[in-house]
Amino acid sequence: MKALIYQGAGEKTLTECPMPLIQEPTDAIVKVSRTTICGSDLHILKGDVPSCAVGRILGHEGVGVVEATGPGVMAFKSGDHVLISCITACGTCLYCRRGMYSHCATGGWILGNEIDGTQAEYVRIPHADMSLYAIPAGANEESMVMLSDILPTGFECGVLNGKVQPGSTVAIVGAGPVGLAALLTAQFYSPARTIMIDLDANRLQVGLSFGATDIVNASQGDSSDAVMRLTGGLGVDTAIDAVGVPSSFLTCQDIIAAGGVIANIGVHGVKVDLHMERLWSRNIAITTRLVDTSTIPMIMKVALSGKINPAQMITHHFKLDQIVEAYDTFARAASTKALKVMIEVG
Ligand SMILES: [Zn+2]
Ligand SMILES: [Zn+2]
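Shown next as structure tokens:
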């Protein structure tokens, strides 16, 4: 089968690989029909993720059809149409029992990282009962791919942890796919204002079309000042860092209102400043989280009802044979205007 292989920092190739095999009774083999590329894949390619070994098949998002199951798989059988979670969960360990699948003792974010991933014709899914989700008949398959990672990530790490409330004011720093996923799902709670902050005018326009009430272009002056002006000097109840660099986290600290929550989603690679001299008396909270994907069933129901359209994240379509080009398009998002790139596998 063909698969996209990580060949060390900066290097990747689409290569012929052996088919994955059932290794544990709880494994399933899924024939991938669609997958996509995540910002985390770019982090791996930069060499930022030491747990990902050279030779690994990348990718942790996708949908497909169950090809085979081990004897311990109870919930799925060959031929079932399934969504693959980016998080593998055993369902029985200490963390899984607390719903913290991201920290599963024998799972978590291992797909396309510690084990071979979904940018391939076939993928082995450990703990299949807990790590796959049945796709109902008639669902839009491309929308479902957005539920593997980015929608639950924006929702769980940004909106739930950020305690978005009816009538509240939310700022999202970063209008990339995950920031936009937070914007889409924040609207479940009817915040009064959603302010998107980014350097990229195109992404801010997309934010408006996704329901943002205000946009702030950080390339045109101090974005914190702009948010404080927009909020009459109060700041925002929820500040979501969907970038993960020191300046984005600083913006969140500058704009958080008394009693607010700073909810981090970004993958931070270096240390940040924490201005406790300003924040100590402000009744704020700061949260961090790796997505658990425990909200996939809920988001799936909302998507199937038509209340949100996750496929609106998709800007480009490629075939698996073109995946290297798809990476290039995704990596040059400022010029290509890429958000999510859809890769049709078979
Ligand atoms: Zn991801
Ligand atoms: Zn577990």
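When the letters of the sequence shown are read in order and numbered with the working numbering, they come out as residues 86 to 431. Note that the Cβ used here is the ideal one computed from N, Cα and C, for glycine as well. Here the structure is a predicted model, which means the values were calculated and not measured.
Under DSSP, the beta-bridge partners assigned to Ala205 are Ala88. DSSP lists Ile90 as the bridge partner or partners of Thr98. For Gln108, the number of other beta carbons within 10 angstroms of its own is below 16, and it is reported as exposed. Distances between the C-beta of His145 and the heavy atoms of ligand 1 include at least one below 7 Å. For Leu168, there is no enclosing alpha helix (DSSP H); the residue is part of the beta strand (DSSP E) that begins and ends at 166-169. For the pair Ile129 and Gln92, the Cα-to-Cα distance works out to about 10 Å.
Residue environment for Ala342: buried (at least 16 other C-beta atoms within 10 angstroms of its C-beta).
At a cut-off of 7 Å, the beta-carbon of Asp322 does not count as near ligand 1: no heavy atom of the ligand is closer than that.
Note on geometry: alpha-carbon atoms of Gly144 and Leu196 lie some 7 Å from one another. With 16 or more other Cβ atoms from the protein chains shown falling within 10 Å of its own Cβ, Thr173 counts as buried. Residue pairing by DSSP places Val426 opposite His401 in a beta bridge.
Under the 10 Å beta carbon count, Lys425 is surrounded by 16 or more other beta carbons and is classified as buried. With a cut-off of 7 Å, the C-beta of Ser125 is classified as near ligand 1, since at least one heavy atom of the ligand falls inside that distance. A contact between stretches requires three or more CB pairs, one per stretch, nearer than 8 Å, and the segment 155-168 meets this requirement with the segment 212-222. A residue is called buried once 16 or more other Cβ atoms fall within 10 Å of its Cβ, and Asn349 is buried on that count. In the three-state reduction of the DSSP assignment, Met281 falls in the strand class.
Here the segment 91-106 makes no contact with the segment 187-196; the two share fewer than three CB pairs at distances below 8 Å. Between the beta-carbon of Ala205 and that of Ile142 there is about 5 Å, and that keeps the pair under the 8 Å contact cut. Distances taken from the Cβ of Cys137 to the heavy atoms of ligand 1 include none shorter than 7 Å.
Under a 10 Å Cβ-count criterion, Asn246 is classified as buried, with 16 or more other Cβ atoms of the shown protein chains found around its own Cβ. By a beta-carbon distance limit of 8 Å, Ser228 contacts Ala396. Their separation comes to about 4 Å.
The DSSP-derived three-state label of Thr111 is coil. Excluding its 5 nearest sequence neighbours in each direction, Cys337 has C-beta neighbours in its own chain below 7 Å: Val258, Ala324, Asp326, Ile347, listed in chain order. Within the same chain, Cβ atoms closer than 8 Å to the Cβ of Met427 are found at Arg119, Thr121, Glu227, Val230, Ile399, His401, His402, Phe403, the five residues on either side in sequence being excluded. The straight-line gap separating the alpha-carbon atoms of Arg183 and Gly193 is approximately 13 Å. Environment of ligand 2, chain-ordered: Cys175, Cys178, Cys181, Cys189, taking every residue with Cβ within less than 5 Å of a heavy atom. Inclusion of Pro276 and Gly306 in the CB contact set at 8 Å is not warranted, their separation being larger than that value. Look at Ala348 here: in three-state DSSP terms it is strand.
Closer than 7 Å to some heavy atom of ligand 1: that does not describe the Cβ of Asp299.
His353 and Val330 have their C-alpha atoms some 6 Å from each other. The Cβ neighbour count for Pro382, taken over all protein chains shown within 10 Å, is under 16; the residue is labelled exposed. Restricting attention to Pro135, Gly140, His166, Pro156, the CA atom closest to the CA of Val150 is found in His166. Taking a contact as a CB-CB distance under 8 Å, the pair Gly344 and Ile371 does not count as one, their CB atoms being some 13 Å apart. Tyr207 sits away from Leu168, with the two beta carbons spaced by 8 Å or more.
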